[in-house]
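Structure first, then comments.
Chains as they are written, first to last, in my numbering: chain A, -19 to 230; chain B, 1195 to 1810; chain C, 6 to 228.
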């Protein structure tokens, strides 16, 4: 099939970018979206032009590196799919495709479709862990965790940290990303001792890193390639409320 | 064993390259001990290392299911699974700490699968007759890596670890024969940066992207370990590469990578091909039971579909070579869940492997519940790697190597769910102990980046980059990588012969030659330049591939992932030669276009009897 | 205090004040609907409220505080969110959010402007002094709220203001009602869709009921 691509090109963080138009001809429906871009790049290189820079690594939909907004939707229109797992059979001959980077103030564009997502790491550093030491921990079965709780934690833990939630959010909020970690650790006994401190520290990091506030649009859930539910945001809110109850031990 | 006093630890600086399970766990654990750690990764965040893609699980000898497992059995299975080409002591240590890993991960909040009573659940994996694999749905690697990443994040927050993301190590700085630092390229700005450390830890993963198409991430490369090799570190057993049996078959020639599906699928899936070649184009449901060849169950009745990876892969290749492969390319075999669906119901199978079926459908547009999946082997893991001693230190003092990047525990073949185990064992429980005696023997911070060796190294890196950029030839990096890959897959892949290996040894230098004369790397040195990144990774593969092939040619035996067609039994099984090859082949680099020098480390088995590895 | 600065804290304040304001809107609506029961009913209701004396002022102060908090943080969050969001995508697409969610700040500001007018109109009664209830008592000497309402809403312009404002209220509530359930952490995955639907239905009920008053008067169905 033959396609027309409009791709965001931007030389560096300080430059002004713009959409440029490219043709992708003879695309096979079995190709992945990134393989289609690989080919466009090969053509650009042969024409002596600068190929399109885009983040990608595992190409299995798990590392969270790939990050493109395709026709206004982070990771494209196929539900629960990362760009690297999106295949060209989802498109039709003659389609016009707009490809843009994640857009959020907290994610400065480094080049073309590549953005800097360090802010997400900083949110994690604020409290996305249990402060256990290496070694000297209890036997894994010493903590009994019922299947429903383990499943709930796993549902939250599936987040791949790609930032599609931020890209989709009208407020550029990282609430879904943050809530997934807060919720995972809040329901597990391992995470409970630090739950009060964690929810506050991580919530505060959202703002200090330049993300917006959550106003319950739920676009994040719709865009999430792993289907992380906004129920975890409700859980985060609940955890925050709990943290407001004064404790005599604080 | 010497230790470093707690108040002295903060005087030492350790560089950790790579932030996967081994590197991430090492950086976190060493930071927590009080060392100053600087960690490096080429991705934008330490959480993206390719350990994240491991699906099936992690082994431990907990024996929770009460099925006769023990540390000794895990040790034995690993040595046997590795076809008796691993160092016994290292494997024993690995088996010993395996249980601690599970406990550690649970403490971090890794949501392992649990049963209704709240206890940890287990599943079975290839090459073992006990259920010792712990898992978190089909995303065990992800969850374990996020556990290590969370520990690392905590140390970054505490200021014990300084994280340098989007940096790629392009040289090892060796001063008077001792590893003292690294030279990196800042992948965003193009700046060449020098970092000093009292010790350097490489945890940079494996090299199977030398085959171009593999299950590794696009950025996985041999660059870090190859640069170390060029500075004098020995490369051990590079011919031991694992070809994973359950990958989605290749489609067309535009594909950029192969996708693995967890070996755990073989718990409930039955592998078969039609008995007759003329049935291959039929819809699988039209092929009656008696016309199907469940070849793994037929050949290996006691392990059946759970035969180890090397054996399952080779059996698939044999079936396809026999003209009985399925799918458009005829390079595929069926993985059939019908029997399990009939026995357990679709919902149970969905619960166990739902995400894998989804992934399969996304890639192939076929429904794995409706018709059997098609699978084919693909390069997946490198058992070989830099040579290390029991302390995980290479022959260059101060250079430690962890995880897939070293050669130590998997011998000639790795069992499923053992890579995660090794990575975390090395990072959490081995290196924190074994690095101490080395550090205790030196004065910290003696050599810093103002040493002339650092300047020299940075200069060399810049020169090499400028050379690549100035060629402006006709071929893209991708095209040349594909050429190398097809040579390696055809000649140094699942079955190797003297002729094929000699052919590869002729072709590799030719492609290398073409690279340095006819590659077209666009863009400049001082910018974010992905073509340049790919170019230097390929340049290193083009040198490394030759050493790998040399190793394969010299090893006149078949063992594990290394199968020489000249050395097989009458029924096509691998034939080891313990008399002449029961050693680790550690190669010393002698220069481009010069033959590397072989050093042998004999393997002595004190607790395991060398035996023919049988899964029949 | 973390509650006043945190992203979640302020969201919770928005939800709690919003919830109080919904309660107010509910009570106010029930009172207003008594207009349909005839002059005696609503005039008695108005008198009963006025006779509460100091409590009225306490209530008014509380309302001012609620509005102040809701509006201040609403604006603050809006401005922060604006700052966090750069240029739009070339193709701007939303999947699940609603028009009402995207226009909260605007419907909120419309309601604020309306509120000022409404207070001048019916509470201070300075916009149309000739028909104000303070100046016109009913047969038994109570301020004639009924006549004031009927005469006001017979004017197309005034009715239009109220209808538009109540339309804005409808939209504001359509996102607001389900939103506080989420913000206070009461929604769970499976119930979420239902909560959103119920919120929208309630908003329509409020909106239709409020709009019915000026509309029916304007149409001379009530007079």
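Beta carbons: idealized from backbone N, C-alpha and C, even for Gly. From a predicted model like this one, the values you see are computed outputs, not experimental measurements.
Have a look at residue i and residue j and give me their C-alpha separation to the nearest angstrom.
i	j	result
residue 1790/B	residue 1781/B	6 Å
residue 1478/B	residue 1498/B	21 Å
residue 1455/B	residue 1440/B	6 Å
residue 166/C	residue 208/A	43 Å
residue 31/C	residue 140/C	28 Å
residue 1636/B	residue 142/A	42 Å
residue 1280/B	residue 1778/B	8 Å
residue 1645/B	residue 1653/B	13 Å
residue 1630/B	residue 1196/B	6 Å
residue 1639/B	residue 1228/B	15 Å
residue 98/A	residue 187/A	14 Å
residue 155/C	residue 40/C	9 Å
residue 105/C	residue 197/A	10 Å
residue 1371/B	residue 1785/B	17 Å
residue 15/C	residue 214/A	15 Å
residue 1218/B	residue 1233/B	8 Å
residue 78/A	residue 0/A	10 Å
residue 208/C	residue 175/C	5 Å
residue 1215/B	residue 1731/B	22 Å
residue 1211/B	residue 1394/B	8 Å
residue 103/A	residue 190/A	11 Å
residue 90/C	residue 108/C	16 Å
In chain A, what lies closer than 8 Å to residue i by C-beta?
i	result
residue 130/C	Going along chain A, no residue has its Cβ under 8 Å from residue 130/C, so there is no contact; the nearest lies around 37 Å.
Who are the neighbours of residue i on chain B, taking C-beta pairs under 8 Å?
i	result
residue 168/A	1303 and 1305
residue 75/A	Residues of chain B passing the Cβ test: none, with the nearest at roughly 18 Å.
Is residue i helix, strand or coil by DSSP?
i	result
residue 1242/B	helix
residue 193/C	coil
residue 1803/B	coil
residue 154/A	coil
residue 1381/B	coil
residue 1233/B	strand
residue 1327/B	strand
residue 45/A	coil
residue 4/A	strand
Please list the partners that residue i has in chain B, where partner means a Cβ-to-Cβ separation under 7 Å.
i	result
residue 165/A	1303
residue 205/A	Those within 7 Å of residue 205/A in chain B number zero; the least Cβ separation is about 11 Å.
For a contact meaning CB atoms closer than 9 Å, what does residue i contact in chain C?
i	result
residue 210/A	187, 192, 194 and 197
residue 150/A	86, 90, 99, 102, 106 and 107
Compute every distance between the C-beta of residue i and the non-hydrogen atoms of the ligand ATP, then say whether any falls below 7 Å.
i	result
residue 1578/B	The model depicted lacks the ligand ATP and carries no ligand whatsoever.
Strictly below 7 Å CB to CB, what residues from chain A border residue i?
i	result
residue 1448/B	8, 11, 15 and 19
residue 1223/B	114
Whose Cβ in chain F lies nearer than 9 Å to the Cβ of residue i?
i	result
residue 52/A	Of the chains in the structure shown, none is chain F; the protein chains are A, B and C.
By the criterion of Cβ-Cβ separation under 8 Å, what are the contact partners of residue i in chain C?
i	result
residue 215/A	190
Name the chain A residues that come within less than 9 Å of residue i, Cβ to Cβ?
i	result
residue 82/C	151, 192, 193 and 195
**Request:** Compile a chain-ordered list of the residues in the stretch 1237 to 1251 of chain B whose CB is closer than 7 Å to at least one CB of chain A.
**Result:** Residues of the stretch 1237 to 1251 of chain B that bring their beta carbon within less than 7 Å of a beta carbon in chain A comprise 1237, 1238, 1239, 1241, 1242, 1244, 1246 and 1247, in sequence order.
**3 or more residues per run - each beta strand (DSSP E) lying fully within the stretch 50 to 125 of chain A** = Under the rule that a run must span 3 or more residues, the beta strand (DSSP E) segments found entirely inside the stretch 50 to 125 of chain A read 76 to 80 and 89 to 91.
**Request:** Could you name the residues of the stretch 86 to 109 of chain C whose beta carbon sits closer than 9 Å to any beta carbon of chain A, in the order they occur along the chain?
**Result:** Those residues of the stretch 86 to 109 of chain C that come within reach of chain A (Cβ to Cβ, closer than 9 Å) are 86, 87, 88, 89, 90, 91, 92, 93, 94, 95, 96, 97, 98, 99, 100, 101, 102, 103, 106, 107 and 109.
**Item:** Residues in the stretch 1617 to 1631 of chain B having any Cβ partner in chain A nearer than 8 Å
**Value:** Within the stretch 1617 to 1631 of chain B, the residues whose Cβ lies closer than 8 Å to some Cβ of chain A are 1622, 1623 and 1626, listed in chain order.
**Prompt:** If you measure beta-carbon to beta-carbon, which residues of the stretch -2 to 16 of chain A are closer than 8 Å to chain B?
**Reply:** Close to chain B, meaning a Cβ-Cβ distance shorter than 8 Å, are the following residues of the stretch -2 to 16 of chain A: 8, 10, 11, 12, 14 and 15.
**Request:** Could you please tell me which residues of the stretch 203 to 228 of chain C, in chain order, have their CB closer than 8 Å to any CB of chain A?
**Result:** Listed in sequence order: no entries.
**Message:** Closer than 9 Å between beta carbons: that is the criterion. Which residues of the stretch 8 to 21 of chain C meet it against chain A?
**Reply:** Within the stretch 8 to 21 of chain C, the qualifying residues are 8, 10, 11, 12, 13, 14, 15, 16, 17, 19 and 20.
**Asked** In chain order, which continuous runs of the beta strand (DSSP E) of length 3 or greater are located wholly inside the stretch 1484 to 1550 of chain B?
**Response** Taking only runs of at least 3 residues, the beta strand (DSSP E) segments lying wholly in the stretch 1484 to 1550 of chain B are 1527 to 1530.
**Asked** Residues in the stretch 1280 to 1314 of chain B with C-beta within 9 Å of chain A's C-beta atoms, listed in sequence order?
**Response** Going along the stretch 1280 to 1314 of chain B in chain order, one finds 1293, 1294, 1296, 1297, 1298, 1299, 1300, 1301, 1302, 1303, 1304, 1305, 1306, 1307, 1308, 1309, 1310, 1311, 1312, 1313 and 1314 with a Cβ nearer than 9 Å to chain A.
**Asked** In chain order, which beta strand (DSSP E) runs of at least 3 residues are fully inside the stretch 1372 to 1446 of chain B?
**Response** Counting only runs of 3 or more, we get 1372 to 1380, 1386 to 1390, 1393 to 1396 and 1435 to 1441.
**Item:** Positions along the stretch 182 to 202 of chain A whose CB lies within less than 8 Å of some CB in chain C
**Value:** Residues passing the 8 Å Cβ filter: 183, 184, 186, 187, 190, 191, 192, 193, 194, 195, 196, 197, 198, 199, 201 and 202.
**Prompt:** If contact means a Cβ-Cβ distance below 7 Å, which residues of the stretch 30 to 64 of chain A contact chain C?
**Reply:** Contact residues of the stretch 30 to 64 of chain A toward chain C are 49, 51, 52 and 53 (C-beta to C-beta distance below 7 Å).
**Request:** Determine which residues of the stretch 103 to 127 of chain A have a Cβ less than 8 Å from any Cβ of chain B, and write them out in chain order.
**Result:** For the stretch 103 to 127 of chain A, the beta-carbon criterion of a distance under 8 Å to any beta-carbon of chain B is satisfied by 104, 105, 106, 108, 109, 110, 111, 112, 113, 114, 115, 117, 118, 119, 120, 121, 123, 124, 125, 126 and 127.
**Prompt:** What residues in the stretch 1404 to 1416 of chain B have a beta carbon less than 7 Å from any beta carbon of chain A?
**Reply:** Taking 7 Å as the Cβ-Cβ cut-off against chain A, the residues of the stretch 1404 to 1416 of chain B that qualify are 1411, 1412 and 1413.
**Message:** Can you pull out the residues from the stretch 1338 to 1358 of chain B whose beta carbon lies closer than 8 Å to at least one beta carbon of chain A?
**Reply:** For the stretch 1338 to 1358 of chain B, the residues whose beta carbon sits under 8 Å from a beta carbon of chain A are, in order, 1340, 1343, 1344, 1345, 1347, 1348, 1350, 1351 and 1357.
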